[in-house]
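Last residue of the sequence shown: 1170 (numbering that gives the first Met the number 0), numbering continuous. The beta carbon of each residue, even a glycine, is placed where N, CA and C say it ideally should be. Here the structure is a predicted model, which is why all the values come from computation and not from measurement.
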Amino acid sequence: MSHPLFFRGRTFFYPTGNTSAIRLTENLPLEQKANILLLACGDPRHILYTVYTNDYKTDSTIEPQKLDITCCDIEPAVLARNALLFTFLADNGAQDRLDVIWNILYHLMIDQNSLTLLINQCRKLVSLAQDLESWQHGPYSQFLSVCNRETLSELHRIWSLYLATADYDPECRKRFKKNFLDGMKGVRDKLGNDVVMTSSRSAGPAAPLAVTAVPNQFRSFWSTGVTDDGLHSTDHATFVNPTFAFSTAGEKFAVHYGTDPVSGYHLAEVFAANVSVLSKKPDAVLIQKMIQAARSQFSQWCTAVIKIFLRSSATPHQLFVRLFAGDALMLCNALSYMNDNGVTATPVHISPWTSSTIEFEEQQYGKDATSPAPSTFNVIDTSNVSDHVGLLNLLMVTTPLLAKSLSATLYTEALLPSGDTPSQGILERLCGDIQTMSLLLGVVPSAFLSQFTTRSNVHESVLYASHAQYHERFAWKAINDDQPLFLQPDQLAGLLFGIYLKMFSDENVAQRFKAMSTSPMRALRDAEFVHYTRRSFVQLLHRIKSRVQADWTRVMENFDIKVVRDSSLLVGSNYYQEMCCHFHLLGIVTFPPMEQSYIRDLRTRKDPAIFRSWEETPAVVTIVLVVPRGKIAAVAAEISEAGTPILHCDVRNTNLHNLFGHISAVYGKLQVTGTGEKKRATIVEDKEVESTSSPLVVSFSVPSFALMMAPDLTLALSIRSTPTTTPIFFRKLGMFQSLFTAQLEDTRYVHVLAEPPTQNNVPTVATSLLPPSAPEAVQGGVFSVQMDETCSKIRLFTIRVDVTDPAGQAYLAAGSAVNIAQVSAHETRLCIEKYENIIGFPLPVDAANAKLRVARKSMYIEIIIPLSLSTDVKSEHTIAKRFSPVLEAGLPVLCNVHRINLDCCPFIKLSRKPGTFNWFVPHVSLMFSDRERAIRGKQSPTVKDTLVNLKDTLHALLLSVAGVEGNPSRSVFALRNTSTQESLVFIFVTDLRLDVGSHTVVADAWITPGTSTIRNKLTELNIHDVIAIKTDAEEAEAWRHLLPMLTDRCRTWTHKPTCEYLAQNAIPLLAKVGSQSPFCSCGVGVGTGPLLRRFKSIAPYATRAAISPLFAVPYLEKVGMPGDAAGDGRVCNACGKAGDSLSLCGKCKNARYCSRECQVKDWKVHKKNCV
0 MSHPLFFRGR TFFYPTGNTS AIRLTENLPL EQKANILLLA CGDPRHILYT VYTNDYKTDS
60 TIEPQKLDIT CCDIEPAVLA RNALLFTFLA DNGAQDRLDV IWNILYHLMI DQNSLTLLIN
120 QCRKLVSLAQ DLESWQHGPY SQFLSVCNRE TLSELHRIWS LYLATADYDP ECRKRFKKNF
180 LDGMKGVRDK LGNDVVMTSS RSAGPAAPLA VTAVPNQFRS FWSTGVTDDG LHSTDHATFV
240 NPTFAFSTAG EKFAVHYGTD PVSGYHLAEV FAANVSVLSK KPDAVLIQKM IQAARSQFSQ
300 WCTAVIKIFL RSSATPHQLF VRLFAGDALM LCNALSYMND NGVTATPVHI SPWTSSTIEF
360 EEQQYGKDAT SPAPSTFNVI DTSNVSDHVG LLNLLMVTTP LLAKSLSATL YTEALLPSGD
420 TPSQGILERL CGDIQTMSLL LGVVPSAFLS QFTTRSNVHE SVLYASHAQY HERFAWKAIN
480 DDQPLFLQPD QLAGLLFGIY LKMFSDENVA QRFKAMSTSP MRALRDAEFV HYTRRSFVQL
540 LHRIKSRVQA DWTRVMENFD IKVVRDSSLL VGSNYYQEMC CHFHLLGIVT FPPMEQSYIR
600 DLRTRKDPAI FRSWEETPAV VTIVLVVPRG KIAAVAAEIS EAGTPILHCD VRNTNLHNLF
660 GHISAVYGKL QVTGTGEKKR ATIVEDKEVE STSSPLVVSF SVPSFALMMA PDLTLALSIR
720 STPTTTPIFF RKLGMFQSLF TAQLEDTRYV HVLAEPPTQN NVPTVATSLL PPSAPEAVQG
780 GVFSVQMDET CSKIRLFTIR VDVTDPAGQA YLAAGSAVNI AQVSAHETRL CIEKYENIIG
840 FPLPVDAANA KLRVARKSMY IEIIIPLSLS TDVKSEHTIA KRFSPVLEAG LPVLCNVHRI
900 NLDCCPFIKL SRKPGTFNWF VPHVSLMFSD RERAIRGKQS PTVKDTLVNL KDTLHALLLS
960 VAGVEGNPSR SVFALRNTST QESLVFIFVT DLRLDVGSHT VVADAWITPG TSTIRNKLTE
1020 LNIHDVIAIK TDAEEAEAWR HLLPMLTDRC RTWTHKPTCE YLAQNAIPLL AKVGSQSPFC
1080 SCGVGVGTGP LLRRFKSIAP YATRAAISPL FAVPYLEKVG MPGDAAGDGR VCNACGKAGD
1140 SLSLCGKCKN ARYCSRECQV KDWKVHKKNC V
């Protein structure tokens, strides 16, 4: 594993989720099967909600989407609980037992009825899980399976522990309950009077309204162990719930102190309902309403799953769940190994601290599997794994598993620090510039490309404005990398060195002291989170080498010089030998001291005793250090206090000190046979660590020359020094914080091997797991990448286009002009008279500033083109390219707008009572960044931001529908292009809804072409209160591109073979073809029931659409709280004067003025945007 190894001194159990449920398939076309990988899956809320939102109404023409979901969690008890739920739902009569199932899943204390159901289910499951064959012949194997035998064994163990509690004698039961209740009390004592409002995140846009009730619900839960909704009696909940009592921590209370059952559900529908009424309710009533909402959602979601199981005979495998108990990074490595080598037995360990390796179940993953399990995925959700293992480690192992599809999406979540600039957090996590690192890794955040997002986390700005970090969810898309990249050696070496310094910035003492002077708490926190070893960097380098062509010999020579000369990293030189070791193992470079000629000469000169019996000495050997258990037991209390101290190994004497961070460790016995280079070792793992005294067997790779050059070497297992560990361990362990030391020649504790130790004769990952090799060089068509002067950011792409078409060659020879034009964000059109060539680029480019070098005799054109995006967001005139739906396999792919099932979105009850929507206006207004709010309404024809104009239109539409501030609700709108004086479309809004999964609001709308036919129908219906929203030409064009996305994102219909998108091979439909609408006609008149009440004659012309805010991207632009005069746009549109007493424009209620003179002066500009 590339992540540092750490002791698990404190282990927490996370039985329930701490973020609200999301729809996992929100970026997939509805017809596409979803192969989903969930890393650190946690509880099954995301699966339940996804099934629920994939359940379309009976009049839908779409077949139910098939879900194949692989769930990975390091905690077997999490998977045991998840499997319990799915088996409960598959049993007859499940619908009638949902209240009891809720108790089992979410109550710390349960009643006799719930306990009886749990014990009976465990008795059944324990019998079925005796072995894999028994499970496969059982009733649940049709929808639930395991990836390997070890996972089933772990599930059997956990279920057996639950079952065993039923046979406790009275004394044992009493002690069991006392320990559990003491654990609950310990949590209450730890929190004291702290206000825990984490669950308020689940209220999304209404989160500020939940900050009082949520902490009260949290305290109530931890005091009683139950959720009280006022409808279900909890008086008899006096029994310990076994599913909360057992975990990897053993039989002790380890439930995380932030656990709250309501966190995984959507609380917005509670607090957004009617604020003025809710504000008068006592806390007890609000708590009950939260619980009622959560239980109702749980019931609805589970009912959707039950429906699938009931019809499984007709549509088998509509939902299939596979479980893997183990480490997320290791599972990904094992899947890649299987994909590359075509074998189910891999050399990858199941998890740290075990020597067992991952062998996938043959019937699912083997070559002869009848229904093969997926090993690549179009949805990979990683929860907050990146916070624990490092974003680069995570991206390196997941990107090879992402399916080669435009709709395939990788999701990561992170707590980003609030830095000096909005992008500082993501830049620190990526260890480099977003575009540059994206190009090297092969994936890019989709919101970075569009520079807006339809998912909201603006409630983070409200709730955690004073905190040093905020929660962010990223959707990553694969980069189009059909053509290889080329970098100059000097620039690439400089780029790699910059990444290297950032990955190990915790070793930069000067930088740490500087950070301490400005932000001491953050500096201390950053010093504790060490995610990378030198192996991590080498694996990243191998990934880059597989994507980039260069003179790699020169690259590595230049990089090595920079590393050797560097003095900024305190222990950089100490880890140098480890880095060289892994350069060799992964085939990056072999430096001279590791070449056989050097090693043979060194042996002759030094005659090291350790290798005297060896005939041949390899470049890399494995050291196995056997650490007596007593050495670890002696500091057990300190390890527990430190939490998760990081381990490394030392090779040192009085003159040198080399460190090795990439180590493996397992408790057990070491069996050794043979001598010299034929010496072999096998680890017999101890599965009962707590009750035995077996030693800790530690192994790591070392360059063999390092063991020859210096005498009297001491080997050690040590705890890495950090601000937390040093005060705890220094006094007892000394300066090096070594748990155990031994001399190199001490064969009682030290073994030097030519090969790593094995488990059942399977070689370890260190030498056997190699990423894909670098591509062969190709002629032509290579993107040459030019960096900036600091070698940290990509500045230009250069590509040579050979003109091979005879007509194009003739035009070129005749001296015809050569032009380049933008087609989409990633594509340009190269034109020579009638000859055209579409050139695609890996990242968005700026054709307007491209340069061309034309070689008319040699018949080629060189394009030198800058990138168009950066973290420094600026106003843009033309933004249509940001809305880029594309066709794949005949289906539109929405790369930057998530899909939504409108019928699953709760209604927002409209009301004209004052204060009813006091959350609505701030939420919609926060779609603007601080920069955008400052320039709203102050644009000129020469300097304009079309995205701000489009957001202004959305802002006006949504507020008009809501009827805020006592105004009547409006429902009919016309988008008018002021440059042509034509209506682009008419918009009919029938409802406002909560998009709870994305923490925002959405207008349930119907769109028709802006034709005279519709105008006449409106006249016939006596509808004259149509709000005309004026747009200029650029905004109108942006709407043409956006509208097809808004209609396709919520469709319940399939695209027909005659779909205009297919006929034109274009989205939106080309205006020159004469189409009256930018979107296809496949959904016209479908499901128009809500329109019939008021707009019956319009319904045959209408297509449903989901219109929601387009939010600024928090890691690109600062999004502040409304209320700040300048940031909230409370400045005079004409002169820029800030203040709270400005007058509003009487028509649009948006623009503000300090005087009548300023309003008159600004009218020429403002009237184009005034509603």
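- State buried or exposed for P694, treating a residue as buried only when at least 16 other CB atoms are found within 10 Å of its CB. So P694 ends up on the buried side.
- Task: Please list, in chain order, all residues of the same chain as T18 whose beta carbon is under 8 Å from its beta carbon, the five residues on each side excluded.
- Result: So the list reads R200, S201, S262, G263, E412 and H470, once near-sequence residues are dropped.
- Residue burial classification, V764 (beta-carbon count within 10 angstroms, cutoff 16): Only weak support is given to the placement of V764: the predicted model assigns it a pLDDT of 42, under 50, and the value that follows is read from those uncertain coordinates. By the Cβ neighbour-count rule, V764 is buried, with 16 or more other Cβ atoms within 10 Å of its own.
- Message: Suppose contacts are defined by Cβ-Cβ distances below 9 Å. Is S959 in contact with T989 by that definition?
- Response: Not a contact, by the Cβ cut-off of 9 Å.
- Query: Count the other CB atoms within 10 Å of the CB of T1057; is the residue buried (16 or more) or exposed (fewer)?
  - Reply: T1057 is classed as exposed because its beta carbon has fewer than 16 other beta carbons within 10 Å across all chains shown.
- Item | Reduced DSSP secondary structure (H/G/I, E/B, other) of H530 | Coil, per DSSP.
- Item | Three-state secondary structure assigned by DSSP to G263 | Per DSSP, reduced to three states, the secondary structure at G263 is helical.
- Task: Whole angstroms is fine: what's the gap from A292's alpha carbon to W1038's?
- Result: Each residue's alpha carbon lies about 37 Å from the other.
- Every unbroken alpha helix (DSSP H) inside the region 366 to 421 [4 residues or more]: Taking only runs of at least 4 residues, the alpha helix (DSSP H) segments lying wholly in the region 366 to 421 are 384 to 388 and 390 to 397.
- Message: Rounded to the nearest angstrom, what separates K184 and E170 at their Cα positions?
- Response: When rounded, the separation of the alpha-carbon atoms in K184 and E170 is 21 Å.
- Could you pull out every residue in the same chain whose Cβ sits closer than 7 Å to the Cβ of E153, ignoring the five residues on either side in sequence? Answer for E153: P75 and A324, listed in chain order.
- Message: Using only the alpha-carbon positions, how far apart do G389 and Y167 sit?
- Response: Approximately 43 Å between the Cα atoms of the pair.
- Query: If you draw a straight line from the C-alpha of T302 to the C-alpha of R22, how long is it?
  - Reply: For T302 and R22, the distance between alpha carbons rounds to 16 Å.
- L143 versus T150 - alpha carbon distance: Each residue's alpha carbon lies about 12 Å from the other.
- Task: Measure the C-alpha to C-alpha separation of L334 and H581 and round it to an integer number of angstroms.
- Result: In a straight line, the C-alpha of L334 is about 22 Å away from that of H581.
- Task: Would you mind giving the Cβ-Cβ distance between I899 and V1001, rounded to the nearest angstrom? I have them listed as a contact below 8 Å.
- Result: So it is a contact: roughly 7 Å between Cβ atoms.
- Query: According to DSSP, what are the bridge partners of E887?
  - Reply: Per the DSSP secondary-structure output, E887 pairs in a beta bridge with L890.
- Task: Could you pull the start and end residues of the beta strand (DSSP E) that D1172 belongs to?
- Result: No statement about residue 1172 is possible, as the shown extent of the chain runs from 0 to 1170 and does not include it.
- What is the residue span of the beta strand (DSSP E) that H348 lies within? From DSSP, the beta strand (DSSP E) with H348 extends over A344 to H348.
- Task: Give me the Cβ distance between G497 and S791, rounded to the nearest whole Å; I'm assuming they're in contact under 8 Å.
- Result: Between G497 and S791 the beta-carbon gap is near 5 Å, inside 8 Å, which marks them as a contact.
- Task: Under 8 Å by Cβ, that's how I've got I1097 and F919 pegged, so tell me the actual separation to the nearest angstrom.
- Result: Contact between I1097 and F919 is ruled out by a C-beta separation of about 27 Å, above the 8 Å threshold.
- Item | Beta carbon of L322 nearer than 9 Å to that of F238 | In this structure, F238 does not lie closer than 9 Å to L322 by Cβ.
- Cβ-based neighbour list, T86, same chain, cut-off 6 Å, excluding 5 preceding and 5 following: Closer than 6 Å at Cβ, skipping near neighbours: Y139.
- Does the count of Cβ pairs from the region 705 to 713 and the region 646 to 664 closer than 8 Å reach three? These segments touch.
- Query: When the Cα atoms are used, what is the spatial distance from Q1063 to L1069?
  - Reply: Cα-Cα distance, rounded: 8 Å.
- Query: Going by alpha carbons, who is nearest to N53 out of S133, F297, I307 and A1032?
  - Reply: Looking at the Cα atoms, I307 is the closest of the given residues.
- Item | From F558, P241, A514 and Y13, residue whose alpha carbon lies closest to that of A526 | The candidate whose alpha carbon is nearest that of A526 is A514.
- Task: Using three-state DSSP, classify S783 as helix, strand or coil.
- Result: Three-state DSSP puts S783 in a strand.
- Query: Are there 16 or more other CB atoms within 10 angstroms of the CB of Y256, so buried, or fewer, so exposed?
  - Reply: So Y256 counts as exposed.
- Output the boundary residues of the beta strand (DSSP E) element that contains L738. From DSSP, the beta strand (DSSP E) with L738 extends over S737 to Q742.
- Query: If V953 sits next to C1049, beta carbons under 8 Å apart, how far is it from one beta carbon to the other, in whole angstroms?
  - Reply: The sequence given here places Leu at residue 953; Val does not occur at that position. Cβ atoms of L953 and C1049 stay farther apart than 8 Å, at about 16 Å.
- Message: Out of Y161, F243, I357 and A1065, which one is the CA nearest neighbour of N332?
- Response: Per the C-alpha coordinates, the member of Y161, F243, I357 and A1065 positioned closest to N332 is I357.
- Query: What residues in its chain sit with their C-beta under 6 Å from that of L868, if we drop five residues either side in the sequence?
  - Reply: Only residues of its own chain outside the window of five on either side were considered, and among them P843 have a CB closer than 6 Å to the CB of L868, listed in chain order.
- Between the Cα of T827 and those of A816, P841, G814 and S815, spot the shortest distance and give me the residue it belongs to. Ranking the options by Cα distance to T827, first place goes to P841.
- Query: For the candidate residues V384, A402 and T1053, whose alpha-carbon lies nearest to that of L37?
  - Reply: The candidate whose alpha carbon is nearest that of L37 is V384.
- Please state if the CB of T1018 and the CB of L974 are separated by a distance shorter than 9 Å. T1018 is positioned such that its CB atom lies no closer than 9 Å to that of L974.
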